[in-house]
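Q:
There are 2 protein chains.
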Amino acid sequence: MPSTPRRSTKQRSIVLEIVARAKTHPTAEEVFTIARKKLPEISLATVYRNLHLLAEEGKIREVQFEGSTLRYDGMTMEHEHFCCRSCGVVEDLPVSLPAATVASIQSQLGAIIERYSLDYYGVCQRCKESAA
Amino acid sequence: MPSTPRRSTKQRSIVLEIVARAKTHPTAEEVFTIARKKLPEISLATVYRNLHLLAEEGKIREVQFEGSTLRYDGMTMEHEHFCCRSCGVVEDLPVSLPAATVASIQSQLGAIIERYSLDYYGVCQRCKESAA
DNA sequence: TTATTATTAGTAATTATTCCTATTAACTAA
DNA sequence: TTAGTTAATAGGAATAATTACTAATAATAA
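Sequence order for the protein chains is W and Y. Heads up: the first sequence begins at 1 in my numbering, then just goes up one per residue. Heads up: the second sequence begins at 133 in my numbering, then just goes up one per residue.
1. What residue range is occupied by the uninterrupted alpha helix (DSSP H) comprising Y/Val-234?
2. According to DSSP, simplified to helix, strand and coil, what is Y/Ser-249?
3. In chain order, what residues of the same chain have a beta carbon less than 7 Å from the beta carbon of Y/Ala-154, not counting five sequence neighbours either side?
4. Report the residue ranges of all beta strand (DSSP E) runs contained in full by the stretch 180 to 227 of chain Y; include only those spanning at least 3 residues, in chain order.
5. Determine, using beta carbons only, whether W/Asp-164 comes closer than 7 Å to chain Y.
6. Helix, strand or coil: how does DSSP classify W/Ile-112 here?
7. Between the alpha carbons of W/Thr-24 and W/Val-31, how many angstroms are there, rounded?
8. Measuring alpha carbon to alpha carbon, tell me which of W/Ala-100, W/Thr-76, W/Ala-103, W/Thr-101 ends up nearest W/Ala-56.
9. Please state if the CB of W/Leu-70 and the CB of W/Leu-16 are separated by a distance shorter than 7 Å.
10. What does Y/Arg-247 touch in chain W if you count any residue whose Cβ is under 7 Å from its own?
11. When you compare only the Cα positions, how much space is there between W/Ser-86 and W/Arg-7?
12. Can you tell me where the alpha helix (DSSP H) with Y/Lys-155 in it begins and where it stops?
13. On the premise that W/Asp-119 lies in contact with W/Glu-91, defined as a C-beta separation below 8 Å, what is that separation, rounded to the nearest angstrom?
14. Roughly how many angstroms separate the alpha carbons of Y/Ala-231 and Y/Gly-190, rounded to a whole number?
15. With H, G and I counted as helix, E and B as strand and the rest as coil, what does DSSP make of W/Thr-46?
16. Would you mind reading off the limits of the alpha helix (DSSP H) that contains Y/Glu-161?
17. Does chain W have any CB closer than 7 Å to the CB of Y/Ala-272?
18. Could you please tell me which residues of the stretch 202 to 219 of chain Y, in chain order, have their CB closer than 9 Å to any CB of chain W?
19. Taking 7 Å as the threshold (beta carbon to beta carbon), is W/Glu-56 in contact with chain Y?
20. Roughly how many angstroms lie between the CA atoms of Y/Val-227 and W/Ser-104, to the nearest whole one?
21. For Y/Gln-238, which residues from the same chain have a beta carbon less than 8 Å from its beta carbon, with the 5 sequence-adjacent residues on both sides left out?
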């Protein structure tokens with residue numbers, strides 16, 4: 001089955017660029033606000049559509065933290081996250097589970113594990129210190 | 133700071149019972165539907181309110197899988213999840229990360245890690261076999 | 001009992017996201 | 001280039017999930 005041909009549009013490349021450059025993990029609404037500065041006529045629906053498409057293509061990642069709406073992450077390599085419940089900051093952790101851990105669960109279940117999401121929650125260093 | 137006194141109501145105990153007994157990880161809407169069978173006048177807002185309260189008290193857990201709405205889990209001990217992208221089933225995995233893994237990330241960050249959420253995604257045994 | 005007020009039912013309002021449609025613009029082949 | 005095809009867009013309507021509001025109810029304390 002041939003995949004639908006995909007056109008390259010200003011809107012799509014701006015959405016990708018915003019997420020790729022973002023140090024935070026922006027929501028669709030935040031991407032939209034930034035995008036409007038570069039392309040004032042871009043519509044919210046277009047931002048949503050392109051975020052989904054780009055995620056499907058693996059060029060960005062969707063991340064869902066507890067108590068939050070869907071966010072987007074420009075870091076595509078495997079990694080984990082830490083979320084501070086006090087200030088809300090999200091930090092990328094450039095680590096991943098040992099392959100053996102994943103393989104062990106996979107064989108226990110008899111399933112195929114394609115990916116996983118690991119998020120740590122707590123209080124970041126900055127908030128910890130300012131509370132002391 | 134004294135916590136608000138909490139009354140015990142039929143509604144609250146039914147919501148807790150439903151989540152605790154559920155083998156699936158029901159959404160608020162699903163809990164509501166089941167609750168109506170036992171208490172036909174219970175309202176959806178009451179279900180939502182009590183799910184939050186019970187989660188806050190640690191009697192149930194909120195879980196959020198990708199592409200899904202918020203769900204509730206009656207298993208309160210530490211555990212992980214596997215979600216099948218084909219049939220949607222969610223399996224509880226009675227395992228947890230080694231304390232050393234968590235401690236290492238905690239010290240790398242200088243943060244306090246209070247909890248984490250680890251969800252595996254893939255294809256369950258049943259779906260894998262029926263596809264073969 | 002009676003008084004107090006946490007909790008509720010029912011519904012309105014809000015938030016996040018998706019759907020719809022006429023129009024625009026990216027690509028293709030002549 | 002230019003014309004034809006159709007993917008993609010803007011803008012707004014519609015939907016889904018959740019929260020807010022309020023008068024009435026019922027759990028607890030005195």
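Idealized CB from N, CA, C, for every residue including glycine. Bear in mind that the values here come from a model prediction, so they are computed numbers and not experimental data.
A: With the structure as the only source:
1. In the second sequence, counting from the first residue as 1, residue 234 of chain Y sits at position 102. According to the DSSP assignment, Y/Val-234 belongs to the alpha helix (DSSP H) that extends over 231 to 241.
2. Start at 1 with the first residue of the second sequence, and residue 249 of chain Y comes out as number 117. Reduced to three states, the DSSP call for Y/Ser-249 is strand.
3. Locating residue 154 of chain Y in the second sequence gives position 22, counting from the first residue. Gly-206, listed in sequence order.
4. 193 to 195, 203 to 205, 212 to 216, 222 to 225
5. Residue 164 of chain W lies beyond the stretch modelled for chain W, which goes from 1 to 132, so this question has no answer here.
6. Within the first sequence, numbered from 1, the residue matching residue 112 of chain W stands at position 112. Strand, per DSSP.
7. As a first step, residue 24 of chain W must be located in the first sequence, where it is residue number 24. As a first step, residue 31 of chain W must be located in the first sequence, where it is residue number 31. One C-alpha to the other measures close to 11 Å.
8. Walking along the first sequence from the start, residue 56 of chain W turns up at place 56. It is worth fixing the name first, because residue 56 of chain W is Glu in this sequence and not Ala. The candidate whose alpha carbon is nearest that of W/Glu-56 is W/Thr-76.
9. Translated into positions along the first sequence, residue 16 of chain W becomes position 16. Translated into positions along the first sequence, residue 70 of chain W becomes position 70. Not in contact: W/Leu-16 and W/Leu-70 (Cβ atoms no closer than 7 Å).
10. Here residue 247 of chain Y is taken as the residue at index 115 of the second sequence, counted from 1. The contacting residues are Tyr-121.
11. Position 86 of the first sequence holds residue 86 of chain W. Position 7 of the first sequence holds residue 7 of chain W. Cα to Cα, the separation comes out at about 42 Å.
12. Here residue 155 of chain Y is taken as the residue at index 23 of the second sequence, counted from 1. No alpha helix (DSSP H) contains Y/Lys-155, which DSSP labels as neither H nor E.
13. Here residue 91 of chain W refers to the residue found at position 91 when the first sequence is read from its first residue. Here residue 119 of chain W refers to the residue found at position 119 when the first sequence is read from its first residue. About 11 Å separates the two Cβ atoms, so there is no contact after all.
14. As a position in the second sequence, residue 231 of chain Y is number 99, starting the count at 1. As a position in the second sequence, residue 190 of chain Y is number 58, starting the count at 1. Y/Ala-231 and Y/Gly-190 have their C-alpha atoms some 21 Å from each other.
15. Locating residue 46 of chain W in the first sequence gives position 46, counting from the first residue. Per DSSP, reduced to three states, the secondary structure at W/Thr-46 is helical.
16. Position 29 of the second sequence, counting from 1, holds the residue named residue 161 of chain Y. Unbroken alpha helix (DSSP H) run through Y/Glu-161: 160 to 170.
17. It is not possible to answer for residue 272 of chain Y, since the shown part of chain Y is limited to 133 through 264.
18. Leu-202, Glu-212, Phe-214, Cys-216, Arg-217
19. Translated into positions along the first sequence, residue 56 of chain W becomes position 56. Chain Y contact via Cβ: absent.
20. By one-based count along the second sequence, residue 227 of chain Y stands at place 95. By one-based count along the first sequence, residue 104 of chain W stands at place 104. For Y/Val-227 and W/Ser-104, the distance between alpha carbons rounds to 11 Å.
21. Start at 1 with the first residue of the second sequence, and residue 238 of chain Y comes out as number 106. Non-local C-beta neighbours of Y/Gln-238 in its own chain, meaning closer than 8 Å and more than five positions away in sequence, comprise Ile-244, Ile-245, ordered along the chain.
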